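Visitor:
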Amino acid sequence: MSGNKEIEIEEYLSQIWTLLDPSEQELVKDSTLIKHFKKNELIYRENEDPKFLMCIFKGKVKIYKEGIGGRNQIMRLMSPVQYFGYRAYFANEAYVTEAAAFECSTIAMIPMEIIEELIMKNNALAMFFIRELATDLGESDERTVNLTQKHIRGRLADSLIFLLEKYGTEADGCTINIYLAREDLANLSNMTTSNAIRTLSSFCSEGILTVDGRRLKILDETKLRKINKFG
């Protein structure tokens, strides 16, 4: 194993690294693959058998599901150093979603057989994944309610606040640190692309934000949060 790879694994897998003893750490080092994905490159497909625990080292990943009429619904957006791809394995089922690199991404892939072997004898590691799954379920439940009960303006505001809190802003303190196509923003907000464009235009005319290509600059966060709250 190269020194750089070893350093990356210890750094980015630090959440689970401290839960492993030296022999377990060595097993993870030896079995981890580090792969690079181009923008929009598929990471796994729906109905494939889950084989790896994945951890994002660099970049962003979208988890999505194809809906009616071929329109995708983005379920989650992942960033360093989140783990994904393992729920289906624990459920003993094939993937029910797909994952693709939202931008050029580097991902560590650990065989699930190794993870299963470790958690069978490492209670702390098992508890870590229980908490991860519980957190993901809670966030998923909240997003489901927001995207089904709120009106269009509330859904878009919810997505913008979600992106703002997850990725932060650029140096100006206003521009969300992720660039989304209108279609991706619509898929994240459970609406058509045309509705997303119209609602964005409405927010712009109200002085809530400005749009420059795929760059979204929040001008009035207080008003945006009010729209999000009252839906």
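Numbering-wise, the working numbering puts 226 at position 200 of the sequence shown, and it's gapless, one number per residue. Cβ atoms here follow ideal geometry from the backbone N, Cα and C, with glycine treated the same way. Bear in mind that the values here come from a model prediction, so they are computed numbers and not experimental data.
1) Using a 10 Å radius around the Cβ and a threshold of 16 neighbouring Cβ atoms, would you call glycine 180 buried or exposed?
2) Give the DSSP-derived three-state secondary structure of aspartate 167 in the structure shown.
3) How far does the beta strand (DSSP E) with glutamine 99 in it reach, from first residue to last?
4) So the candidates are Ile69, Glu50 and Ile94; which of them puts its Cα closest to the Cα of cysteine 130?
5) So is the beta-carbon of isoleucine 89 under 7 Å away from any non-hydrogen atom of the ligand FMN?
6) In chain order, which continuous runs of the alpha helix (DSSP H) of length 4 or greater are located wholly inside the stretch 137 to 225?
7) Examine the Cβ distances between the stretch 84 to 103 and the stretch 41 to 60 and report whether three or more of them are shorter than 8 Å.
8) Please state the DSSP three-state secondary structure of threonine 58.
9) So what's arginine 241 in DSSP terms, helix, strand or just coil?
10) Can you tell me where the beta strand (DSSP E) with alanine 114 in it begins and where it stops?
11) Drop a sphere of 10 angstroms on the beta-carbon of threonine 225, count the other beta-carbons inside from all chains shown, and report buried for 16 or more, exposed for fewer.
12) Judging by CA-CA distance, which residue of Leu250, Ala222 and Val54 is the nearest neighbour of isoleucine 140?
13) Could you tell me the distance, in whole angstroms, from the CA atom of leucine 151 to the CA atom of leucine 45?
14) On the three-state DSSP scale, how would you describe lysine 64?
15) Do proline 137 and glycine 111 have their beta-carbon atoms positioned less than 8 Å apart in this structure?
16) Drop a sphere of 10 angstroms on the beta-carbon of phenylalanine 256, count the other beta-carbons inside from all chains shown, and report buried for 16 or more, exposed for fewer.
17) Does DSSP classify tyrosine 38 as helix, strand or coil?
18) Go ahead and pull the three-state DSSP assignment for isoleucine 94.
19) At what residues does the alpha helix (DSSP H) containing glutamate 247 begin and finish?
20) Mind reading off the beta-carbon distance from cysteine 200 to lysine 243? Whole number of angstroms is fine, and I expect it under 8 Å.
21) In whole angstroms, give me the CA-to-CA distance for alanine 212 and glutamine 108.
Guide: Let's see:
1) With 16 or more other CB atoms across the displayed protein chains lying within 10 angstroms of its CB, glycine 180 is buried.
2) Reduced to three states, the DSSP call for aspartate 167 is helix.
3) It spans 98 to 104 - the beta strand (DSSP E) in which glutamine 99 sits, taken as one unbroken run.
4) Between cysteine 130 and the set Ile69, Glu50 and Ile94, the nearest pair of CA atoms involves Ile69.
5) Among the ligands in the structure shown, none appear at all, so the ligand FMN cannot be discussed.
6) Scanning the stretch 137 to 225 for uninterrupted alpha helix (DSSP H) segments of 4 residues or longer gives 138 to 145, 149 to 175, 178 to 193 and 208 to 215, listed from N- to C-terminal end.
7) With a cut-off of 8 Å, the stretch 41 to 60 and the stretch 84 to 103 do not count as touching, because too few Cβ pairs lie within range.
8) Correct three-state label for threonine 58: coil.
9) It is a strand residue.
10) Taken as a continuous stretch (DSSP letters only), alanine 114 belongs to no beta strand (DSSP E), being part of the alpha helix (DSSP H) at 113 to 116.
11) The residue in question, threonine 225, is buried, as its Cβ has 16 or more Cβ neighbours within 10 Å.
12) For isoleucine 140, the closest of Leu250, Ala222 and Val54 by C-alpha to C-alpha distance is Val54.
13) Near 6 Å, if we compare the C-alpha coordinates of leucine 45 and leucine 151.
14) Residue state, collapsed to three classes: coil.
15) Contact flag unset, no.
16) Burial is judged here by how many other beta carbons sit within 10 angstroms of a residue's own beta carbon; phenylalanine 256 has fewer than 16 and is exposed.
17) Three-state result, tyrosine 38: helix.
18) Isoleucine 94: helix per DSSP, three-state reduction.
19) First-last of the alpha helix (DSSP H) with glutamate 247: 247 to 256.
20) Rounded, the Cβ-Cβ distance is 5 Å, consistent with contact.
21) When rounded, the separation of the alpha-carbon atoms in alanine 212 and glutamine 108 is 23 Å.
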